[in-house]
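Engineer: My structure is below; once you've seen it, I'll send some questions.
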Amino acid sequence: MTRDLGLALLRQRKEALSCALQSLCRRTPRPAHLAGVGLLIAFLGSLVWAPDLSRNMAEGDTLISVDYEIFGKVQGVFFRKYTQAEGKKLGLVGWVQNTDQGTVQGQLQGPISQVRHMQEWLKTRGSPKSHIDRANFNNEKVILKLDYSDFQIIK
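Dropping the structure here:
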């Protein structure tokens with residue numbers, strides 16, 4: 063996640079908190095809404111993007127990194143371009159490249175749920191003209207921050 067995107071998300075959360083607080087204050091007596099405000103702040107505070115991390119590390123948002131290699135008719139069919147587009151759509155970072163052996167390899171990094179979606183896409187869909195025989199995933203590990211800022215095609 064880029065710093066600008068992180069700041070934009072932080073601004074959105076601030077605006078959402080402000081709207082929620084205003085709504086809560088209009089509808090409840092003063093002593094009751096103070097308790098509700100505290101709970102709301104505690105909850106939303108747990109969602110705030112931490113500046114020293116590339117992604118929010120709330121439960122269920124664990125960052126992972128995984129290497130992959132895709133076998134089949136995956137070169138000359140825009141597989142890298144579609145992989146990059148799908149990775150960006152899912153909010154992932156990493157890279158993709160052709161190999162001399164006729165496969166496509168790369169690395170994915172991001173929230174575990176999004177990486178799992180991308181792994182399924184790499185195993186079963188790929189680009190429209192590709193034919194995937196098999197997909198290997200290895201070196202999966204939990205990471206504290208993203209090593210890349212974008213999803214790149216390596217030529």
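Count the sequence shown with this note's numbering and you get residues 63 to 217, in order.
The beta-carbon is built from N, C-alpha and C at its ideal position, and this holds for glycine as well.
#1: Does the segment 180–189 come within contact of the segment 144–154, defined as at least 3 CB pairs closer than 8 Å?
#2: For F133, does the three-state DSSP call read helix, strand or coil?
#3: Where does G149 sit, in a helix, a strand or coil, going by DSSP?
#4: What is the residue span of the beta strand (DSSP E) that R187 lies within?
#5: Taking the beta strand (DSSP E) that V166 belongs to, which residues open and close that run?
#6: Excluding the five sequence neighbours on either side, which residues of its own chain have a C-beta within less than 6 Å of the C-beta of K203, listed in chain order?
#7: Answer with buried or exposed for Q163, where buried requires no fewer than 16 other C-beta atoms within 10 angstroms of its C-beta.
#8: Report yes if the CB atom of V166 is closer than 8 Å to the CB atom of R196, and no otherwise.
#9: Confirm, please, whether the CB-CB distance from G134 to H193 is below 8 Å.
#10: Does the Cβ-Cβ distance between I215 and Q146 come in under 8 Å?
#11: Taking just the CA atoms, how far does Q176 sit from T124?
#12: Thinking Q171 and L208 are a contact (beta carbons under 8 Å), I'd like their distance in whole angstroms, please.
Structural biologist: Taking the geometry as given:
#1: By the criterion of at least three beta-carbon pairs nearer than 8 Å, the segment 180–189 is in contact with the segment 144–154.
#2: Taking the sequence shown and counting its residues from 1, one reaches residue 133 at position 71. Reduced to three states, the DSSP call for F133 is strand.
#3: For the purposes of this step, residue 149 is identified with residue 87 of the sequence shown, where counting begins at 1. Secondary structure at G149: helix, using DSSP grouped into helix, strand and coil.
#4: The residue labelled residue 187 in the question sits at position 125 within the sequence shown. The continuous stretches of beta strand (DSSP E) do not include R187, and DSSP gives it neither H nor E.
#5: As a position in the sequence shown, residue 166 is number 104, starting the count at 1. The continuous beta strand (DSSP E) containing V166 extends over residues V166 to P173.
#6: Working through the sequence shown from its first residue, we reach residue 203 at position 141. Only S127 meet the Cβ criterion.
#7: Here residue 163 refers to the residue found at position 101 when the sequence shown is read from its first residue. Counting of Cβ neighbours within 10 angstroms places Q163 among the exposed residues, the total staying below 16.
#8: Position 104 of the sequence shown, counted from the start, is the residue given in the question as residue 166. Position 134 of the sequence shown, counted from the start, is the residue given in the question as residue 196. No.
#9: Numbered from 1 along the sequence shown, position 131 holds the residue referred to as residue 193. Numbered from 1 along the sequence shown, position 72 holds the residue referred to as residue 134. Yes, the Cβ-Cβ distance between H193 and G134 is below 8 Å.
#10: Your numbering for residue 215 matches position 153 in the sequence shown. Your numbering for residue 146 matches position 84 in the sequence shown. The criterion of a C-beta distance shorter than 8 Å is satisfied by I215 and Q146.
#11: For the purposes of this step, residue 124 is identified with residue 62 of the sequence shown, where counting begins at 1. For the purposes of this step, residue 176 is identified with residue 114 of the sequence shown, where counting begins at 1. Here the C-alpha atom of T124 lies approximately 10 Å from the C-alpha atom of Q176.
#12: Reading the sequence shown from its first residue, position 109 is the one you call residue 171. Reading the sequence shown from its first residue, position 146 is the one you call residue 208. Indeed, because the Cβ distance is near 5 Å, the residues count as touching under 8 Å.
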